[in-house]
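Working notes, beginning with the structure itself.
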Amino acid sequence: MHGGFLMQNKIPWREDTSNRDLRFSRNKIRHRIIPDIVANFGPKSVEHIRDAAAMLRMTRRTLERFLRQHFEESLAGRFDGIVVFYADKVLEDPFTFGEML
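In this note's numbering, the protein residues as written are 326 to 426.
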C-alpha cells in the first residue's frame with residue numbers, strides 16, 4: 326500500500342500479512358469498500374466521507390456536553406439508588422431526556 330512512497334524515499338518497512346486478510350473489517354473497508362466508493366462516486370468521495378465523520382465527531386462531543394449540563398439542571402436528586410428528575414425539565418424535550426438516560 327505505502328510501498329511506493331517508502332521505496333521512493335528508501336525507507337525500510339515490513340508488510341504484515343494480516344493487512345491483506347479480508348476476514349478483518351478494516352481490510353474489507355480498505356481493499357473492497359473504499360475502492361468501490363471511489364470507482365462509483367469519484368476520488369473526492371472518500372475525503373468527503375472523512376470530513377463528514379469529523380463533523381459527526383464534533384457534533385457528538387457538543388451534544389454530550391449539552392446533555393451533561395441538561396442532566397445536572399434536570400436532576401432533583403438521588404435517593405437510595407433512584408435518580409429523580411424535575412418533571413418540567415425533562416418534559417421540555419423528550420428526545421433530550423431519552424438521550425440523557
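Built from N, CA and C at the ideal position, the CB exists for glycine as well.
key: Contiguous alpha helix (DSSP H) assignments of at least 4 residues, all confined to the segment 341 to 381   = 350 to 353 and 359 to 366
task = Report the rounded CA-to-CA distance for Asp418 versus Phe404, giving the unit in angstroms.
result = 24 angstroms
request  = Pull up the CB-CB distance for Ser399 and Phe410, whole angstroms please, since I reckon it's below 8 angstroms.
outcome  = 5 angstroms
query = By Cβ distance, which residues of its chain are closer than 8 angstroms to Ala401, with the 5 residues on each side in sequence left out?
reply = Around Ala401: Val409, Phe410 and Tyr411.
request  = Could you tell me which of Arg393, Pro337 and Ile354 sits nearest to Gly423, measuring between CA atoms?
outcome  = Arg393
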